[in-house]
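Residue numbering for the sequence shown follows this note's numbering, beginning at 31 and increasing consecutively. Where a beta carbon is used, it is the ideal one built from N, C-alpha and C, also for glycine.
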Amino acid sequence: MKNRLSLSILKVEGIGDQSGCYIIIDDSLLDVISVQETEIHENCTEVPLKGVLKLIVKSLSKNSQIQCSVSIILEALPSEGVVWLPLYTSSNCETLPQIPSILPSTKILISLNQLSLLTPVPEITEYDSSMFDIENSLCKIYNSKGNFEGHDKCKKTLGIINEKNKDLRFRVLELDNKLQDLNIEHCKDKNNLIQTNHECFSKLAIQLEKYKMHCGNLQIVHEDHIKQIEGLQTLFKQEILQREHIEKQLIRITQEFQDYANITNEKIQNYEKTIEVKNQEIISLKNFQNISISLGDHIDKDIQVINLQTQLHNCLEQLQESEFNRKLLQQKLEKVAEFYSKELDNLLKSPNEQHEHKIFELTQEIKKYKQKCTDLENMIDDEYIKDKIKDHGEYNNKPIEDMNIRNSELLGEIAKLKEKLEKEKKVNECLLNQVREKNCKEIDNKVKGADEKFLEYLKNYGIEEKFDRVMDGIFVYGNKKVSVTIKNGCLICKVGGGYMGIEKFLKSYFNEKDENGVIIHKRSQTAVLKEKGTREESTIKLYNQKDSMAKITLISKENTDDIMRIPKTVTNKLSSNKFKSFTSCKETIFKKTYK
Numbered sequence: 031m032k033n034r035l036s037l038s039i040l041k042v043e044g045i046g047d048q049s050g051c052y053i054i055i056d057d058s059l060l061d062v063i064s065v066q067e068t069e070i071h072e073n074c075t076e077v078p079l080k081g082v083l084k085l086i087v088k089s090l091s092k093n094s095q096i097q098c099s100v101s102i103i104l105e106a107l108p109s110e111g112v113v114w115l116p117l118y119t120s121s122n123c124e125t126l127p128q129i130p131s132i133l134p135s136t137k138i139l140i141s142l143n144q145l146s147l148l149t150p151v152p153e154i155t156e157y158d159s160s161m162f163d164i165e166n167s168l169c170k171i172y173n174s175k176g177n178f179e180g181h182d183k184c185k186k187t188l189g190i191i192n193e194k195n196k197d198l199r200f201r202v203l204e205l206d207n208k209l210q211d212l213n214i215e216h217c218k219d220k221n222n223l224i225q226t227n228h229e230c231f232s233k234l235a236i237q238l239e240k241y242k243m244h245c246g247n248l249q250i251v252h253e254d255h256i257k258q259i260e261g262l263q264t265l266f267k268q269e270i271l272q273r274e275h276i277e278k279q280l281i282r283i284t285q286e287f288q289d290y291a292n293i294t295n296e297k298i299q300n301y302e303k304t305i306e307v308k309n310q311e312i313i314s315l316k317n318f319q320n321i322s323i324s325l326g327d328h329i330d331k332d333i334q335v336i337n338l339q340t341q342l343h344n345c346l347e348q349l350q351e352s353e354f355n356r357k358l359l360q361q362k363l364e365k366v367a368e369f370y371s372k373e374l375d376n377l378l379k380s381p382n383e384q385h386e387h388k389i390f391e392l393t394q395e396i397k398k399y400k401q402k403c404t405d406l407e408n409m410i411d412d413e414y415i416k417d418k419i420k421d422h423g424e425y426n427n428k429p430i431e432d433m434n435i436r437n438s439e440l441l442g443e444i445a446k447l448k449e450k451l452e453k454e455k456k457v458n459e460c461l462l463n464q465v466r467e468k469n470c471k472e473i474d475n476k477v478k479g480a481d482e483k484f485l486e487y488l489k490n491y492g493i494e495e496k497f498d499r500v501m502d503g504i505f506v507y508g509n510k511k512v513s514v515t516i517k518n519g520c521l522i523c524k525v526g527g528g529y530m531g532i533e534k535f536l537k538s539y540f541n542e543k544d545e546n547g548v549i550i551h552k553r554s555q556t557a558v559l560k561e562k563g564t565r566e567e568s569t570i571k572l573y574n575q576k577d578s579m580a581k582i583t584l585i586s587k588e589n590t591d592d593i594m595r596i597p598k599t600v601t602n603k604l605s606s607n608k609f610k611s612f613t614s615c616k617e618t619i620f621k622k623t624y625k
């Protein structure tokens with residue numbers, strides 16, 4: 031039995047459509063095969079089990095003449111199976127001891143299968159028979175002894191045995207021929223089966239390669255689908271977050287709307303209460319007017335004016351004295367405060383028990399001085415109030431004209447409050463409409479750019495002229511720069527290093543404007559007393575007499591540092607009820623310098 035390998039070329043990649051393969055075993059050309067033109071069963075070539083296999087593949091096309099080769103030891107190849115072998119362009123390639131794990135782009139697919147053949151049986155001749163040898167040996171024995179007895183019998187038996195032996199030999203030869211024919215047929219059948227199996231196996235190998243390529247493509251498609259699914263999941267999460275953000279915004283806007291509605295309702299209630307209070311004041315003033323008219327009929331107006339002038343003169347003298355005393359006390363307190371502040375600084379640097387005792391005594395003295403100042407202020411107010419209580423009957427006999435003016439002013443204030451109430455109602459309705467329009471236009475505003483939305487906000491507040499557009503998304507107002515972007519459907523403003531919403535930015539902008547501009551609730555004028563020779567901006571005479579002692583003048587608060595101010599308790603008693611812009615007593619007469 032001799033074993034050999036059946037080699038066939040299945041496929042060549044990286045060379046061209048048509049190629050020829052030279053099979054060389056131990057530097058001797060064994061066969062030449064055209065890979066694409068011939069079928070698979072015609073590519074079978076018998077190869078020994080040992081030696082060096084060299085394959086040379088050439089491109090048969092006219093455009094490209096590529097030549098690749100590979101050399102490998104036959105012992106490294108498997109006895110059965112399909113193997114990919116690399117192809118190298120270099121002519122002097124080394125013999126590979128084994129199949130490499132990494133293959134280049136140019137490669138060849140071969141199929142191997144093991145074959146077995148029967149060895150020939152040697153033919154046995156008649157002279158080589160064992161029975162003939164026995165006969166010759168017996169003849170020699172008989173001839174040598176000279177004993178010819180029974181020779182005929184032996185000869186007959188030997189003839190019979192030889193005949194039988196010949197028959198057996200012919201039969202054995204026939205059986206050997208039959209067996210050899212059967213073996214040849216069996217080998218042919220076996221080779222045919224092996225070849226068919228090899229063809230099926232090669233076809234299955236090609237299909238397997240195709241399926242592998244198809245599986246690779248399907249794997250790539252599967253990965254693409256996974257990426258698309260992940261992208262859709264991220265988009266879905268973003269949509270969920272955006273929806274939650276929009277719901278929060280809607281809740282916040284509705285809450286703000288409810289808060290604003292509650293505030294406006296409270297304002298309306300307060301306005302109604304103030305109107306009721308003003309109506310009560312009007313009723314009380316009318317009653318007071320009637321009482322004053324009844325009392326004024328019994329008192330002479332000239333005597334009343336003279337008494338009031340004398341009282342005013344006395345009060346002014348008392349105020350001048352108290353103001354002078356206050357200034358002296360203030361100077362003393364400032365000096366004492368400076369002195370003791372220095373001592374306190376020195377004592378704090380080197381504290382001990384004696385210094386602490388001195389500090390305690392000094393603080394007690396400062397408290398005493400403060401108490402004296404407050405007592406003096408209270409005494410001044412109390413004395414003046416007592417004097418005014420004594421002359422309360424005379425003070426109530428004011429001119430009827432002043433009371434009528436006061437009543438008319440109160441009626442004017444009530445009318446103004448009603449107008450303000452109507453304006454607030456209109457503003458409330460406008461804001462309600464704006465909120466509704468805003469809720470309706472939120473979807474449309476998402477499509478617009480950040481600049482357009484920012485300009486729309488500015489136009490709604492009437493401040494678009496205060497902002498200059500430098501470039502896309504950047505505006506300048508004053509010395510500041512604001513960048514505008516849209517994030518999660520909301521307009522975000524960046525000022526400096528912080529981010530804020532558009533509403534918060536507008537609130538901060540208006541707050542800065544109020545801080546830099548004029549404060550509305552701050553009183554810009556105050557009432558002071560000046561002597562006759564001073565210059566007056568706008569003078570209101572309390573009385574029409576030419577011999578009046580003093581005049582009330584309205585001047586700005588910034589220029590009243592060196593002018594004597596009247597306490598509120600005094601001015602309320604001296605002037606009519608319509609002059610209410612006097613400063614309080616404790617804030618003007620004495621300023622605390624020890625905070």
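Rounded separation between residue i and residue j - CA only
i	j	result
valine 500	lysine 489	18 Å
isoleucine 493	lysine 297	27 Å
leucine 559	lysine 400	In this prediction, leucine 559 scores a pLDDT of 38, lower than 50, which makes its location untrustworthy; the coordinate-derived value is nonetheless stated afterwards. Cα to Cα, leucine 559 sits roughly 27 Å from lysine 400.
isoleucine 281	alanine 445	39 Å
isoleucine 53	aspartate 206	38 Å
tyrosine 241	threonine 226	22 Å
aspartate 405	leucine 536	50 Å
isoleucine 45	serine 99	12 Å
leucine 440	threonine 294	24 Å
lysine 183	aspartate 211	42 Å
leucine 209	arginine 201	12 Å
glutamate 253	asparagine 247	10 Å
phenylalanine 390	cysteine 403	20 Å
lysine 534	arginine 273	22 Å
isoleucine 214	arginine 199	22 Å
isoleucine 527	asparagine 509	Looking at the sequence itself, residue 527 is glycine, so the reference to isoleucine does not match. Their backbone Cα atoms lie some 15 Å apart in a straight line.
glutamate 110	serine 89	28 Å
glutamate 306	phenylalanine 266	59 Å
glycine 81	valine 42	23 Å
lysine 308	glutamate 269	57 Å
phenylalanine 318	glutamate 311	10 Å
tyrosine 491	phenylalanine 540	10 Å
valine 251	glutamine 237	21 Å
methionine 243	histidine 275	48 Å
asparagine 292	asparagine 463	16 Å
Residues near residue i by beta carbon distance below 8 Å, same chain, minus five either side
i	result
alanine 480	Gly503, Val514, Thr515, Ile516 and Leu521
asparagine 221	Leu145
proline 150	Confidence in proline 150 is poor, its pLDDT being 48 and thus under 50, which makes the residue's placement unreliable; the coordinate value appears in the next sentence. Excluding positions up to five away in sequence, the list is empty.
glutamine 95	Lys88 and Ser89
Those residues which DSSP pairs with residue i across a bridge
i	result
cysteine 523	Val514 and Met530
valine 87	Cys51 and Cys98
valine 112	Ser141
methionine 501	Ile504
serine 36	Glu76 and Asn143
glutamate 43	Lys137
Endpoints, the alpha helix (DSSP H) within which residue i is located
i	result
glutamate 482	480-491
Enclosing beta strand (DSSP E) for residue i [first to last residue]
i	result
lysine 80	Neither: lysine 80 is in no beta strand (DSSP E) and is coded neither H nor E.
tyrosine 118	It is not in any beta strand (DSSP E) - tyrosine 118 carries neither H nor E in the DSSP assignment.
phenylalanine 505	504-507
asparagine 97	In the sequence under discussion, the amino acid at residue 97 is glutamine, which differs from the asparagine named in the question. Counting along the chain, the beta strand (DSSP E) containing glutamine 97 begins and ends at 97-103.
aspartate 56	Element bounds for aspartate 56: n/a, residue is neither H nor E.
valine 65	First-last for valine 65: undefined, no H or E at that position.
For residue i, the nearest candidate out of the options (CA to CA)
i	options	result
threonine 136	Leu142, Tyr118 and Pro127	Tyr118
glutamate 277	Gly519, Cys523 and Tyr529	Gly519
leucine 60	Gln237, Ser120, Ser36 and Cys184	Ser36
leucine 83	Leu90, Val65, Ile129 and Ser64	Ile129
glutamate 302	Val525, Glu105 and Lys450	Lys450
proline 108	Gln97, Leu142 and Gln95	Leu142
glutamate 395	Met409, Ala367, Ser101 and Lys372	Ala367
serine 49	Ser91, Ile305 and Ile55	Ser91
proline 134	Phe369, Ile86, Glu124 and Pro116	Pro116
isoleucine 55	Leu349, Leu358, Glu76 and Gln249	Glu76
lysine 233	Glu353, Ser371, Ile39 and Ile102	Ile39
Sequence-distant residues of the same chain with beta carbon closer than 7 Å to residue i, five excluded per side
i	result
lysine 496	Tyr507
Residue-chain proximity (residue i, chain C), Cβ-Cβ < 8 Å
i	result
isoleucine 435	Of the protein chains in this structure there is only one, and it is not chain C.
Residues near residue i by beta carbon distance below 6 Å, same chain, minus five either side
i	result
alanine 235	Val112
methionine 530	Cys523
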